[in-house]
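Using my numbering, the first residue of the sequence shown is number 242, and each one after it goes up by one. The beta carbon of each residue, even a glycine, is placed where N, CA and C say it ideally should be. None of the values given here were measured: they were computed from a predicted structure. Inspection log for the structure reproduced underneath, given as structure tokens.
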Amino acid sequence: MMDDFYNDSVGDQFLMELNIPNLTPPTLIDKKQIPSSKHESNSISSSTIIQSPAKFIDFPYPKPYSQQLTLMQTVYKTLESNCCGIFESPTGTGKSLSLLTATLRWLLDYNEKQMDLLHNLQSKLQLMNNNNNDEDKENNSKEYDWIIEYDKNRLLKQQIQPQIEDLLIYKSTLQLIEEIKLSTSSSSLTLPTTQHTDSFNVPDELTTVAENNSQIDIQQLKNFIEISNDDDFSCNADELFLCKPDEDLSRKHDTIDIDDIELDQHFESQQQQLDNGLLHIIYCSRTHSQLEQIAKEFSKCKTLFDKVTVIQLSSRNLLCTNEAVYQLKHPDLINIACLELNRPRNSREQGQLKQFKCPMRNSTAVNNLSRHLLIGHSALNIANIIRDNIHLTKSSHKSINIRNDSLKGGKVDDARLPHIACPYYANRKGIPLAQLILVPYSSLLQPSNRLTSGLVLKNSIVIIDEAHNLLEATASSMSVSLSLIKDLDGLEKLFASYLQYYRSRLSSFLALRLRQMKHFIQQLKVYLNSTLKHIHLSLSSVSITAPVVIIKTVNKLISESNLDNLNLSEFISCLEYQHFIMKLIGFSKWSFYIQQSPNSSTNAATVTKTTSQMTNLLASMKRKYVGEDNKTEEVNQVGISNKRSKMDVEKSDGIGSSLFKFHSFLLALESCEEDARIVIEPSKTSVSQSDISSSSNTFADDLQDLCLRVIFLNPGRYLKNLIQEAKSVLLVGGTMQPFNEAIEQIFLPSGKLPGQIVTFSCDHVIDARKQLAVYPLGVHSYQSNDNVLSLDFTYQNRTNPHIIDACGEIILQICQQLPAGIVVFTPSYEYQSILHNRWETTGLLNKISKYKSVFHEPKTSANLDQIMQAYGVAAKQKLQHKHGAVLLCVIGGKLSEGINFTDDLARVVIIIGMPYANPQSPILREKMAYLDSHFSRQSHSMQNPGRQYYETMCMRSINQAIGRSVRHAKDYAVVFLLDSRYYRSTIQSQLPKWVQQSIIVQQSGESLPSNQRKFLNLSEALEHAKRFFSCNQEYFK
């Protein structure tokens, strides 16, 4: 009865009409009387005092370093004040562990505060109800006092009840998390250490059995996934490669994506609330291997690990365990194939809607596996083990294979065939209940990837590790290119073949879009061929070896290509409609299969139908303009002929990749802003050397193909949604300075005020003056004579044979006198090859190998693990005539960031030259000009943004390379900087402070200014290094 009175909206109007004194209108109630359950995003006032724990009890070690404690306290205060932050902590200082401890402790404290708020609101509501039901309450003298009292209580109740409902959902979610942590820990997931089928033991609840009422249509699956050898393959082409004619393309957004189909309604009702109020910590790093390290650090925090749920996200192509799907290899093909497996389609036998689904997507098994993943198991490890066991099962013939004779009816005969739940969808199901989510860059930076991964930024704390290359990673993830030969030629043929074959069956809407896309591709080809012709004409009289790069704005390219009358968003909708890209890929496979079959001549005639008489008539009536044929012939002579392109639509991987790149290219053009540029540059073509009629040493003769590449000069603006949607964003790295780059390009454009951005920097945990020695070497004195050579590794001088020989002599002497592992960083793979070839010719490499084993960083990751394992063993060896090893790496390569060369793996680090980018690069010049014009500094004493960007790229790479060596508090190393430019005070000032403190100079010049100091020569540096190693070995013995 009383609830009806409080919620009586009609009575509200009636009370207002009575004109009762002191009656508070509903819209004028003071909302500050009611505490809010949501944090407001406000800047910190000067009077606000944010308290942080003096001690973090969750830290796994007895006493954190002072740098770690300060970092944890600053992170806690930043989250408590709802701000964003930029945190710089040197590599090897345990910043990942400190970040996890601080953020997760804040999360648990936040949860407790929410529960306290719920208790207070419930108590207040109960008190209000008790007061209202008190019949012995004395009557006031005024006639309307009781109405005023009830009105106030009713309005307060209307404010309290929604908050209580939200907090009750939050409480139930926390209770469910506690239940999962308790129940699943007793039945932990056991996975084998040796990948063999017999030892692959998974709990029964993680497997499912194909039941009779959900049998798999394997033949339909085979038709979709791979080219079938059945005779009736051609009769299914219409079903597989045509869109439904009764659906309008313009209403594609009304269709339901397969990811929206619920696996299990009971599972969804219990675990996947649309908004359960749970606060998530999203921890992002560059690679999956780095995320594995983060997961290991998290497992060290026992108290946090027992209370916090965690999920490590990966893409479909890495987590898929359906062999028929993941063998497609191309990530985009795997994505669409996975979605297609559950797409409802018409049954050929019964003519009704039917759904066959992947056997790995059983709802019960997915539900149970997600619970195991939430307590800390890695989905990537589970997927790898399943794949390895599938491979071993095939090779050992211990088959659970489905025989061909069991597929004739299109059903699985063995109803007891077991399947492991899909790790990808188990990950997806666990996200709403995951308090800590580990994600790679690729899953977070792009909105489309966040949507695919199921990430929700609302009410989340986002931590981006290794954020010193965040802007470059964002720009790289958005960039896309199209090649004239590899992509555009094949796409034109594909669209033409599809239009020709289905010309009488396509809807007018779809046929129009296909013709428009074909016209779009043809115009791009004409434009590129014309550009190619002009490049050849301009270079014909000049011998040049540098590639020609042309940069244009998007609007200029569209205008010059005569494409400004086309709507690109309609092309995107067409390609996304009913997974039309996959249908085009399937059509290309099918058409090639028909052409390669025994009746190829008959089938080819079927595919390539002759045009109708009406079409021929219309073609003959088309008006021809003067010079049109000559112009077309002229362009075709310059362009690459169809014979030389060799781009056949039968290559499913190639045409699939081209289609997805074309789709991404359209998306980039549609979403780009004024900072986007189109780069026209040479492309490596697949044309064999035998196809090229003539060869020459000039670039003009070798230029055979061009590509269009979309680049973005201001990637920070595309992180705006991420910064605005997230509750707080923390950028963390070992080399984050200068801070103003991230502030000006990321936070301020996203609407953050300067008072809402916290910056933090700390020194290394080591004693830099005792555990690190840095020797700048700018000159080399030959032992045979008194000649002194300046070590000038600038781009113009670094190929000088004398410079290369001097560099090799320095490395040889270091290898002779200093112990353990030596890591040598070169500016590029190209220069590393130049050094290696020269040293091999002069015999210097053989001399080095007498003292230390020599290893090289490979360009690809295929053999990286084997090389690192071999180097790790050799670096610690102490033989009679050989001790340690040398590893030649590349700055900015795979080993310069995120790799721990701890202890003897890198007692010596040698950095050759400075990895400055080519200042004559058109793309770099365009980028610097854009930064200068859009982020100009008010102070004349500050460096221009473009020049700062150029310097920062180089120095961050050097600082990252230096940080590979000293990885913990008891580690020590020496660093040799080989370049005369390292003598400059302007260069030294850009090194981290703890590195600047370790620079060794002559004792007589220690008190002098940095520009007047005298540095050690090589022999002096080696003597100092030997004393340095002796002291540290004795100290840490």
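Every unbroken alpha helix (DSSP H) inside the region 1183-1263 [4 residues or more]: 1186-1203, 1226-1229, 1234-1237
3-residue-minimum beta strand (DSSP E) runs that sit fully inside the region 284-359, ordered along the chain: 325-329
Outcome for Asn283 when other beta-carbon atoms lying within 10 angstroms are tallied against a minimum of 16: At Asn283, the pLDDT of 36 sits below 50, so the modelled position is not reliable; the number obtained from the coordinates is stated separately. It counts as exposed.
Straight-line Cα distance separating Thr344 from Arg691: 22 Å
CB of Ser1198 within 8 Å of CB of Pro1163, strictly: no
For Ile762 and Ser898, the rounded distance between their alpha carbons: 16 Å
Leu349 versus Asp547, Ser424, Thr311, residue with shortest Cα-Cα distance: Asp547
DSSP state of Ile933 mapped onto helix, strand, coil: The pLDDT assigned to Ile933 is 30, lower than 50, so where the model puts this residue is not dependable, and the model offers no usable value.
7 Å CB neighbourhood of Ala1116 in its chain, flanking five on each side removed: Ala1061, Gly1062, Gly1125, Ala1126, Asp1145, Leu1146
Three-state secondary structure assigned by DSSP to Ala1115: helix
Under 8 Å between C-beta atoms of Leu960 and Ile987: yes
Pair within 8 Å by beta-carbon distance, Cys324 and Ser1031: no
Own chain, CB closer than 8 Å to Tyr306, minus 5 neighbours either side, in chain order: Thr334, Gly335, Val1006, Ala1210
Alpha-carbon to alpha-carbon, Leu423 and Lys670: 19 Å
Whole alpha helix (DSSP H) elements within the region 683-756, 4-residue minimum: 688-694, 711-719, 730-742
Per DSSP, cross-strand counterpart(s) of Ala1061: DSSP lists no partner for Ala1061.
C-alpha distance - Gln416 paired with Asn558, whole-angstrom precision: 34 Å
Proximity of Leu910 and Tyr1213 at Cβ, strictly below 8 Å: no
Where Pro1156 falls: helix, strand or coil (DSSP): coil
Segment limits, alpha helix (DSSP H) that includes Gly671: 664-671
Closest by C-alpha distance to Asn808, when choosing among Arg1268, Arg754, Gly827: Arg754
Secondary structure of Thr794, DSSP reduced to three states: strand
Rounded straight-line distance, which links the Cα of Ile921 to that of Val790: 6 Å
Beta-carbon spacing of Lys1119, Lys1093 below 8 Å: no
Counted within 10 angstroms of its Cβ, other Cβ atoms place Ser684 as buried (16 or more) or exposed: buried
Cβ contact check for the region 311-331 and the region 993-1010: 3 or more pairs under 8 Å: yes
Rounded C-alpha distance that separates Tyr1276 from Phe901: 59 Å
Beta-carbon proximity check, Glu1167 vs Ile792, cutoff 8 Å: yes
CB of Ile1089 within 8 Å of CB of Ile1151, strictly: no
Alpha-carbon spacing of Asn361 relative to Gln997, whole angstroms: 30 Å
Contacts around Leu1086, its chain only, beta-carbon distance under 6 Å, and the 5 residues preceding and following it disregarded: Trp1080
Asn803 classed as buried or exposed, judged by whether at least 16 other C-beta atoms fall within 10 angstroms: exposed
3-residue-minimum beta strand (DSSP E) runs that sit fully inside the region 998-1066, ordered along the chain: 998-1002, 1013-1018, 1020-1022, 1029-1031
Close beta carbons around Ala667, own chain, < 6 Å, minus the five adjacent residues each side: Val607, Leu610, Ser611, Leu614
Alpha helix (DSSP H) segment containing Gln965, residue limits: 961-966
Close-in-space but distant-in-sequence residues of the same chain around Cys1272 (CB under 7 Å, 5 per side omitted): none
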